[in-house]
Amino acid sequence: MPKVREHVRGVSYGWPMTFEQPLPKSLSPSRLSDFQACPRRYQHASVERIAQPASYASAKGRFVHFVFEKLYLLPAPDRTIERARDYVAPAIDEILTDDVRKDLAMDDAMLQRMLGETEEIITRYFQMEDPRTVNSEGVELRLGVTVGATPLFGILDRLDRDADGNLVIVDYKTGGLPNRNYDSQTFANAELYAVLCQEKLGETPTKIRLLYVAQGEALERDVTDVVIRARASAASGAWERIKRYYDDGDFPATPSSNACRFCSYKDLCRADGVPVPMR
Ligand code: SF4
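Dropping the structure here:
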């Protein structure tokens, strides 16, 4: 039966409520990350679908992904740096929409900054690998599967076939290099993509490559059966909790400096009485 939101914001913290929106049909790696960081964030983003304003970092990420996606749709011999640069102008139209520009309060200086950083990223990327020699099996690959009772969905940036004939998951990262003490977290999303590949394609990728294109560095990790089982199990456990919280009408908030720092829902949470850290 459809749920109806019946609480009043500001007095709802800790109180069960009901939702007028249906539960999402599937769980993606990024939504799983949201949930693991803070179930309330998942509630706002995925159940209530409260729009999150674009940030400079997210817009630049989408901008650069657009350029690389278009580049890899070309036949391998055509994937030159000049052709990559040709996709910058279309990316301006496609990604920097009026809504995005408004969210960013984008002026000409900000646009020039983004274009300059994109040019640096393109240059660094071509120093990392020659896309004309990459055997790509697909880009922006949409994979949906049900593992056990858990519906999963994800979009892979790129799936390659290496020289030994093995599948390799490639994910572009436009942010800074992560702390290597947290590799398990760094590779978590991509490892769930490996679960998707195994279930959907019947073949398990053997390696993950995270391309930190702003720094020109690649982080690599082998995929093992143990990791695949652990990621599938974590996703299933999270999905069970999501269904339970949805039925209970309450996704608990778990505020912390790390979780809240870049969260778009701080004002909403504070209004609901959640003790969101000030920094
Ligand atoms: S601001 Fe903090 S507590 Fe609120 S949803 Fe975001 S991460 Fe959770």
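Position one of the sequence shown corresponds to residue 530 (the numbering used here), numbered consecutively onward.
From the three backbone atoms N, C-alpha and C, an ideal C-beta is built for every residue, glycine too.
When C-alpha distances from E577 are compared across L552, I737, R808 and P619, the shortest belongs to L552. For V724, the three-state secondary structure derived from DSSP is helix. With respect to the 7 Å criterion, K589 and M546 are not classified as neighbours on the basis of their beta carbons. When distances are taken from the beta-carbon of K736 to the heavy atoms of the ligand SF4, even the shortest one reaches 6 Å or more. Restricting attention to alpha helix (DSSP H) runs no shorter than 4 residues, the segment 757-798 encloses them at 786-790, ordered along the chain. Comparing alpha carbon positions, the residue from L748, I698 and E611 closest to N710 is L748. Three or more beta-carbon pairs separated by less than 8 Å are not found between the segment 582-598 and the segment 557-567, which leaves the two stretches without contact. If only uninterrupted alpha helix (DSSP H) runs of at least 4 residues are considered, those enclosed by the segment 648-727 are 712-715. In terms of CA proximity to P734, A719 leads the group A743, A788, A719 and G745.
The ligand SF4 has a heavy atom closer than 6 Å to the beta-carbon of V805.
When DSSP states are grouped into helix, strand and coil, E646 belongs to the helix group. Across the set V663, V617 and G683, the C-alpha of G683 shows the shortest separation from the C-alpha of A764.
Take V697, set aside five residues on each side of it, and the residues of its chain with a beta-carbon closer than 8 Å to its own are L688, D689, R690, D691, P734, T735, K736, I737 and R738, in chain order.
Contact between A743 and R653 is confirmed by a C-beta separation of about 7 Å, below the 8 Å threshold.
Here A620 carries a helix assignment [DSSP, helix/strand/coil].
Proximity to M657 across G731, A566, R758 and Y741 peaks at Y741, based on C-alpha coordinates.
Counting along the chain, I737 sits inside the beta strand (DSSP E) bounded by residues K736 to Y741.
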